[in-house]
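Novice: As they're listed, the protein sequences go chains A and B.
The first sequence runs 1 to 287 under UniProt numbering.
The second sequence runs 1 to 287 under UniProt numbering.
Built from N, CA and C at the ideal position, the CB exists for glycine as well.
Starting off with a structure, shown below.
2 protein chains.
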Amino acid sequence: METTQDFDQVVMHLKSKCIKRRVAVVCPRDKSTQEAVERATRDGFIEAVMLDGDDLTSVAEQAVAMVQQGEADMIMKGLIPSEILLKAILRYNGGLLSEGHLLTHTACANIPQYPKLLFYSDAAVIPFPTHEQRIQQVSYVADLCRAMGVEEPKIALIHCSEEVDERHFPYTAGYAEIAERAKRGEFGRCVVDGPLDLKTSCSAESLKVKGIASPIAGDADALIFPNIEAGNVFHKSITLFNNAKLASILLGASVPVVLTSRADTADTKYYSLAAAAARGRRESQRA
Amino acid sequence: METTQDFDQVVMHLKSKCIKRRVAVVCPRDKSTQEAVERATRDGFIEAVMLDGDDLTSVAEQAVAMVQQGEADMIMKGLIPSEILLKAILRYNGGLLSEGHLLTHTACANIPQYPKLLFYSDAAVIPFPTHEQRIQQVSYVADLCRAMGVEEPKIALIHCSEEVDERHFPYTAGYAEIAERAKRGEFGRCVVDGPLDLKTSCSAESLKVKGIASPIAGDADALIFPNIEAGNVFHKSITLFNNAKLASILLGASVPVVLTSRADTADTKYYSLAAAAARGRRESQRA
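This is how it looks when you write it as structure tokens:
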């Protein structure tokens, strides 16, 4: 398939490839985590190891150790403070991040008003990405898109206008450099362009009205937001006003981490498991 | 009326108060500007003076002079580059901004999925507002809300979380100070709270799930975005995915400025005229 329209298609893809990931589930004490894990297990694309105990730090470290020993392909957060789990992922026994990697938030939305899945980064972790961090975000998103069936993802670098403005928005000057890296094949098969605003990224009509040419052609698969405030507003707007279905994972560690929040529904946690399962371990993906 | 549900209500309000504003329309060469002006004239809340000529700078200056001489209550941009009009507004013969005032973008949206008009600032002009600039934005939005029939506007200071984080987001420390100013009555009748994210601002359910107390109670009338990127993503998302109706004006000068873009529809320009007409001159509003 060339694009991916919804999460059902992702699950079908996982089933058809007989993908089954071992998930270390940290403190599965809440109903929505339990439900999501049960459903994904039933669908056959995960095999869960439930970890719990009184000492939360040691439970988190146990999950990290399982990944380090090759016994788990994903981590999922249950009812444990994010800080405790993240600290273990970043630091326990050397942590799960190799040199030069960045733990960043990536989400994927099924918005009823958009014809296909729309990926984006970062709505939750990195406040104001540096140029180097943005390069990592593009790279992770490109990998995730392809793992989820989008053969040649179109990735838009979002800004409030289509013009580079080094004075007020220094990062826009770096956007062209990132597009160049994409052309050189640094992120694998994909198309990167920017600065583009949300409308010129996602509407061919808007692009036309503004008289702008872009290889993304108003048909973006993924959006890289300039800062967390913009990403978070998008994330919240599409759930609040569009009833979007979401998958939300952390990328950058050697395995994907499902770090949804307590308020997320069982559906969101299930879709997040599907996205993380499609992605799998970093090494295996690049092999 | 305590809240304002849609733009029809605003137009009815203008009619019932027999409000009629004199509008200097700068280069009304495009169809959507002409249509909007005709409709607002027919509805009786504006009286347009059409200004045009070969020398665009001098046309823009003519509009500014009309305001300075008390002959116009609003300015509307037609087919002229924004820079030329803005330069005249800021500089011609002392310009239209008094000391300490800021030209900032304020919009008002009728989102089908939200029960009332939702105001916000700034999606288009001020990149990363300072604390002082944010205070101005709150003050202008509060005035505009009341002028448009919202008796006690609830104004949310938006951030990606509900926690003050001085280290990564220094501006969140200023949010509490702005809420304090509101309590002291500095912005007139209104309620200000933050940091709140978009969902806890606009959904009582989200607020409850997160266990947060806020005087806004998930029922915001207005949103002040932390930076232009977040504001612009909101602006574009609600038009792209929600088919929102919009009014969009610049506030801070002695008169409101309708500075919609060429791509905007006649409807948007008409609603913007209605919002600007409701607001009127700064002086007359505060008198």
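Rounded to a whole number of angstroms, what is the C-alpha to C-alpha distance between Thr8/B and Gly149/B?
Specialist: The residue labelled residue 8/B in the question sits at position 8 within the second sequence. The residue labelled residue 149/B in the question sits at position 149 within the second sequence. Correcting the residue identity first, residue 8/B is Asp in this sequence and not Thr. When rounded, the distance between both Cα atoms is 12 Å.
Novice: Confirm, please, whether the CB-CB distance from Val25/B to Leu51/B is below 9 Å.
Specialist: Residue mapping note: residue 51/B aligns to position 51 of the second sequence, counting from 1. Residue mapping note: residue 25/B aligns to position 25 of the second sequence, counting from 1. For Leu51/B and Val25/B, yes; Cβs fall inside 9 Å.
Novice: From Pro115/B to Lys20/A, what distance separates their C-alpha atoms?
Specialist: Here residue 115/B corresponds to residue number 115 of the second sequence, with the count starting at 1. Here residue 20/A corresponds to residue number 20 of the first sequence, with the count starting at 1. If you take the alpha carbons of Pro115/B and Lys20/A, they lie about 45 Å apart.
Novice: Can you have a look at Ala213/B and say buried or exposed, based on whether 16 or more other CB atoms are within 10 angstroms of its CB?
Specialist: In the second sequence, counting from the first residue as 1, residue 213/B sits at position 213. It counts as exposed.
Novice: Considering only C-alpha positions, which residue in the set Lys77/B, Ala156/B and Thr265/B is nearest to Ile239/B?
Specialist: If you number the second sequence from 1, residue 239/B lands on position 239. Residue identity differs from the one stated: residue 239/B is Thr in this sequence, not Ile. The shortest Cα separation from Thr239/B among Lys77/B, Ala156/B and Thr265/B belongs to Thr265/B.
Novice: Is Phe234/B near Leu223/B, with beta carbons less than 9 Å apart?
Specialist: Translated into positions along the second sequence, residue 234/B becomes position 234. Translated into positions along the second sequence, residue 223/B becomes position 223. Cβ atoms of Phe234/B and Leu223/B: closer than 9 Å.
Novice: Specify whether the region 244-254 of chain A and the region 133-147 of chain A touch according to this definition: at least 3 beta carbon pairs, one from each stretch, less than 8 Å apart.
Specialist: Output reads yes: the region 133-147 of chain A touches the region 244-254 of chain A.
Novice: DSSP three-state label for Ala287/A, please.
Specialist: For this step, residue 287/A is matched to residue 287 along the first sequence. Bear in mind that a pLDDT of 31 at Ala287/A, under 50, signals an unreliable position, so the number given afterwards is only what the model happens to contain. If DSSP states are grouped into helix, strand and coil, Ala287/A belongs with coil.
Novice: Can you tell me which of the three DSSP states Ser161/B falls into?
Specialist: The residue labelled residue 161/B in the question sits at position 161 within the second sequence. Looking at Ser161/B - three-state DSSP - the assignment turns out to be coil, as it is neither helix nor strand.
Novice: Please confirm if Lys236/B has its CB atom under 9 Å from at least one CB of chain A.
Specialist: Along the second sequence, read from residue 1 onward, the residue named residue 236/B stands at position 236. Chain A contact via Cβ: present.
Novice: Which runs of the beta strand (DSSP E) at least 3 residues long sit entirely within the region 32-95 of chain B? Give them in chain order.
Specialist: DSSP runs (the beta strand (DSSP E)) wholly in the region 32-95 of chain B: 46-51 and 74-77.
Novice: Taking DSSP's pairing of strands, which residues face Tyr120/A in a bridge?
Specialist: Taking the first sequence and counting its residues from 1, one reaches residue 120/A at position 120. Ala107/A and Leu223/A, per the DSSP bridge assignment.
Novice: So Arg134/B is in the alpha helix (DSSP H); what residue range does that whole segment cover?
Specialist: Translated into the one-based positions of the second sequence, residue 134/B becomes position 134. Per DSSP, Arg134/B belongs to the alpha helix (DSSP H) from His131 to Ala147.
Novice: Roughly how many whole angstroms lie between the Cα atoms of Thr33/B and Val125/B?
Specialist: What you label residue 33/B is simply residue 33 of the second sequence in a count that begins at 1. What you label residue 125/B is simply residue 125 of the second sequence in a count that begins at 1. So the two alpha carbons sit approximately 21 Å from each other.
Novice: Using a Cβ-Cβ cut-off of 6 Å (strictly less than) and excluding sequence neighbours within five positions of Asp165/B, which residues of its own chain qualify?
Specialist: Taking the first residue of the second sequence as 1, we reach residue 165/B at position 165. Contacts found: Thr172.
Novice: With a Cβ-Cβ cutoff of 9 Å, do Val138/A and Val64/A count as a contact?
Specialist: By one-based count along the first sequence, residue 138/A stands at place 138. By one-based count along the first sequence, residue 64/A stands at place 64. No, Cβ-Cβ distance for Val138/A and Val64/A is not below 9 Å.
Novice: Are the C-beta of Pro153/B and some C-beta of chain A separated by less than 9 Å?
Specialist: Mapped onto the second sequence, residue 153/B falls at position 153. So no, Pro153/B is outside the interface.
Novice: Identify whether Ala217/B lies in helix, strand or coil by the three-state DSSP scheme.
Specialist: The residue labelled residue 217/B in the question sits at position 217 within the second sequence. In this structure, Ala217/B counts as coil in the three-state DSSP scheme.
Novice: Can you pull the DSSP bridge partners for Lys154/A?
Specialist: As a position in the first sequence, residue 154/A is number 154, starting the count at 1. DSSP, once it has assigned bridges, lists Val191/A as partnering Lys154/A.
Novice: With a cut-off of 8 Å on the beta carbons, I'd call Val11/A and Ala274/A a contact; round off their distance for me.
Specialist: Translated into positions along the first sequence, residue 11/A becomes position 11. Translated into positions along the first sequence, residue 274/A becomes position 274. Rounded, the Cβ-Cβ distance is 5 Å, consistent with contact.
Novice: How about Tyr114/B: is its C-beta nearer than 9 Å to some C-beta of chain A?
Specialist: Looking up residue 114/B in the second sequence gives position 114. At least one chain A Cβ lies under 9 Å of Tyr114/B.
Novice: If you measure from the beta carbon of Gly231/A to each beta carbon in chain B, is any gap under 9 Å?
Specialist: Counting from one through the first sequence, the residue named residue 231/A turns up at place 231. With 9 Å as the cut-off, Gly231/A counts as an interface residue toward chain B.
Novice: Return helix, strand or coil for Ile178/B, following the three-state DSSP convention.
Specialist: Along the second sequence, read from residue 1 onward, the residue named residue 178/B stands at position 178. Ile178/B falls in the helix class under three-state DSSP.
Novice: How big is the Cα-Cα spacing for Glu162/A and Leu196/A?
Specialist: Against the first sequence, residue 162/A aligns to sequence position 162. Against the first sequence, residue 196/A aligns to sequence position 196. Looking at the two C-alpha atoms, the distance is approximately 5 Å.
Novice: Comparing the C-beta of Thr104/A with each C-beta of chain B, is any distance below 9 Å?
Specialist: Taking the first residue of the first sequence as 1, we reach residue 104/A at position 104. No, no contact with chain B.
Novice: Which term fits Ala69/B, buried or exposed, when burial requires 16 or more other beta carbons within 10 angstroms of its beta carbon?
Specialist: Taking the second sequence and counting its residues from 1, one reaches residue 69/B at position 69. According to the sequence provided, residue 69/B is Gln. The question's Ala does not apply to it. Exposed.
Novice: Would His131/B count as contacting chain A if we go by Cβ distances under 9 Å?
Specialist: Position 131 of the second sequence, counted from the first residue, corresponds to residue 131/B. False, the Cβ-Cβ gap to chain A never drops below 9 Å.
Novice: Whose C-beta lies closer than 6 Å to the C-beta of Cys108/A among residues of the same chain, with five residues either side of it excluded?
Specialist: Here the question's residue 108/A lines up with position 108 in the first sequence. For Cys108/A, where only same-chain residues beyond five positions count, the Cβ hits under 6 Å are Leu117, Phe119, Ala247 and Ala275.
Novice: Taking DSSP's pairing of strands, which residues face Glu24/B in a bridge?
Specialist: On the second sequence, position 24 is the one that residue 24/B refers to. As written in the sequence, residue 24/B is Ala, which differs from the Glu given in the question. According to DSSP, which records beta bridges pairwise, Ala24/B is partnered with Val49/B and Ile75/B.
Novice: Run the CB neighbour count on Thr130/A, radius 10 Å, all protein chains shown included, and call it buried at 16 or more, exposed below.
Specialist: What you label residue 130/A is simply residue 130 of the first sequence in a count that begins at 1. So Thr130/A ends up on the exposed side.
Novice: CB Ile80/B to CB Ala48/B, shorter than 9 Å?
Specialist: Locating residue 80/B in the second sequence gives position 80, where the first residue counts as 1. Locating residue 48/B in the second sequence gives position 48, where the first residue counts as 1. Their beta carbons are not under 9 Å apart, which means Ile80/B does not touch Ala48/B by this criterion.
Novice: If we cut at 9 Å on Cβ distances, does Lys269/B have a partner in chain A?
Specialist: Taking the first residue of the second sequence as 1, we reach residue 269/B at position 269. Judged by the 9 Å Cβ criterion, Lys269/B is not in contact with chain A.
Novice: Please work out which residues of its chain come closer than 6 Å, Cβ to Cβ, to Thr3/B, disregarding the five sequence neighbours upstream and downstream, and give them in chain order.
Specialist: Counting from 1 along the second sequence, the entry for residue 3/B is found at position 3. The answer, listed in chain order, is Lys116 and Val150.
Novice: With Ser201/B and Ile158/B assumed to form a contact (beta carbons below 8 Å), what rounded beta-carbon distance in angstroms separates them?
Specialist: Working through the second sequence from its first residue, we reach residue 201/B at position 201. Working through the second sequence from its first residue, we reach residue 158/B at position 158. About 7 Å; that satisfies the 8 Å criterion.
Novice: Could you check whether the Cβ of Cys160/B sits closer than 9 Å to any Cβ belonging to chain A?
Specialist: Counting from one through the second sequence, the residue named residue 160/B turns up at place 160. Output row for Cys160/B: interface = yes.
Novice: What whole-angstrom Cβ distance do Cys190/B and Pro153/B have, given they're in contact under 8 Å?
Specialist: One-based indexing of the second sequence puts residue 190/B at position 190. One-based indexing of the second sequence puts residue 153/B at position 153. With 8 Å as the limit, Cys190/B and Pro153/B qualify as a contact, their Cβ atoms being about 5 Å apart.
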